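Shown next as structure tokens:
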């Protein structure tokens with residue numbers, strides 16, 4: 145497949161850019177000729193990926209973390225439709241959190257990534273569409289590859305993104321979670337799934353999952369599959385700082401799904417809005433682009449994934 149790499153040079157704490165000559169040489173030996181472009185700012189990866197698809201590239205590879213992967217996924221779409229449903233999304237993981245790769249058990253080493261990209265194997269890949277209110281108060285649309293959530297998870301993502309991440313992915317997210325739980329107060333939200341009756345509930349966090357992990361290894365949706373045509377939704381209610389300190393192991397091994405304050409469901413669409421008019425912010429593949437109200441819609445098998 146004609147391959148194009150969308151490279152975030154700031155990923156891996158800047159090592160991707162510093163080691164690009166070495167990385168590109170290995171890519172060339174494995175894949176032959178390939179195109180590439182470097183990101184410089186927000187949503188650059190989406191713009192670069194979209195242009196590469198328009199130029200006829202058939203496999204677009206995100207070189208970076210979950211945020212870069214999210215932007216590249218957005219580049220596959222224009223005017224609500226996939227530019228090329230047969231085009232493949234690939235990943236060379238170089239990020240801090242690395243949650244998307246965990247769903248598939250992919251390692252961080254470049255050799256295994258290139259082996260995957262060199263293969264012809266692809267599978268259908270579901271993509272989430274999020275219609276929401278952006279940080280400027282305007283209606284917006286964004287696509288997501290892994291997980292979109294709201295509640296304390298967005299506060300945690302803001303904390304982590306504002307930090308240096310020098311502690312590494314896991315400890316940065318642990319520290320961000322502790323700070324986020326201190327700041328966050330449980331909110332009342334009105335939910336409706338698949339057009340069904342509305343329900344008002346207090347939420348610590350709601351995760352609408354295509355993949356299985358977020359927050360640098362939190363096993364939030366243990367049964368999620370990225371090509372089954374359904375979101376796996378995990379709702380946490382009534383949790384605070386003491387719960388995380390005392391029971392955090394359960395969040396990382398998946399046993400949290402048995403706790404009294406955890407609910408799970410599956411759906412194709414989810415609508416959410418705050419009851420009291422206050423802001424409830426979104427975390428979309430580790431980025432914080434806006435707030436509720438929102439509608440999340442699954443697009444089954446919208447593109448292909450290099451596996």
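Numbering (my numbering), first residue to last: 145 to 451.
Glycine included, C-beta positions come from ideal geometry on N, C-alpha and C.
If you're wondering where the values come from, they're calculated on a predicted model, not measured in any experiment.
Next item on the list: List the DSSP bridge partners of residue 450.
Entry: 266
Check: Which of helix, strand or coil does DSSP assign to residue 223?
Finding: coil
Checklist line | Boundaries (first-last residue) of the alpha helix (DSSP H) holding residue 193 | finding: Element bounds for residue 193: 188-198.
Checklist line | Cβ-Cβ distance between residue 204 and residue 193 below 7 Å | finding: Cβ atoms of residue 204 and residue 193: closer than 7 Å.
Notebook entry, point to check: Which stretch, first to last residue, makes up the beta strand (DSSP E) that contains residue 332?
Noted result: For residue 332, the uninterrupted beta strand (DSSP E) segment begins and ends at 331-337.
Notebook entry, point to check: Is the CB-CB distance between residue 357 and residue 243 below 7 Å?
Noted result: For the pair residue 357 and residue 243, the CB atoms are nearer than the 7 Å cut-off.
Margin query: If I measure Cβ to Cβ from residue 147 and keep anything under 6 Å in the same chain, skipping five residues before and after, which residues do I get?
Written below: 175, 178 and 203
Check: Between which two residues does the beta strand (DSSP E) carrying residue 175 extend?
Finding: Run containing residue 175: none in the beta strand (DSSP E); it sits in the alpha helix (DSSP H), 164-175.
Note to self: Pull the bridge partners of residue 358 from the DSSP assignment, please.
What the structure shows: 362
Next item on the list: Could you tell me how far apart the beta carbons of residue 293 and residue 352 are, in whole angstroms, since I believe they sit closer than 8 Å?
Entry: 7 Å
Item checked: Rounded separation between residue 398 and residue 421 - CA only -> 33 Å
Note to self: Can you tell me whether residue 387 is helix, strand or coil according to DSSP?
What the structure shows: Correct three-state label for residue 387: helix.
Notebook entry, point to check: If we ignore side chains and look at the alpha-carbon of each, how far apart do residue 172 and residue 165 end up?
Noted result: 11 Å
Note to self: Between the alpha carbons of residue 198 and residue 448, how many angstroms are there, rounded?
What the structure shows: Distance between the alpha carbons of residue 198 and residue 448 is about 16 Å.
Checklist line | Residue closest to residue 423, alpha-carbon to alpha-carbon, out of 433, 235 and 268 | finding: Ranking 433, 235 and 268 by Cα distance to residue 423 puts 433 first.
Notebook entry, point to check: Expressed to the nearest angstrom, what Euclidean distance is found between the alpha-carbon atoms of residue 254 and residue 342?
Noted result: Separation of residue 254 and residue 342 (C-alpha to C-alpha, rounded to the nearest whole angstrom) is 47 Å.
Check: With residue 238 and residue 155 assumed to form a contact (beta carbons below 8 Å), what rounded beta-carbon distance in angstroms separates them?
Finding: 4 Å
Checklist line | Whole-angstrom distance between residue 380 and residue 407, CA atom to CA atom | finding: 7 Å
Notebook entry, point to check: Which residue from 183, 149, 170 and 145 puts its Cα closest to that of residue 158?
Noted result: Of 183, 149, 170 and 145, the residue nearest in Cα terms is 183.
Check: Quick one: what does DSSP say residue 400 is sitting in, helix, strand or coil?
Finding: It is helical.
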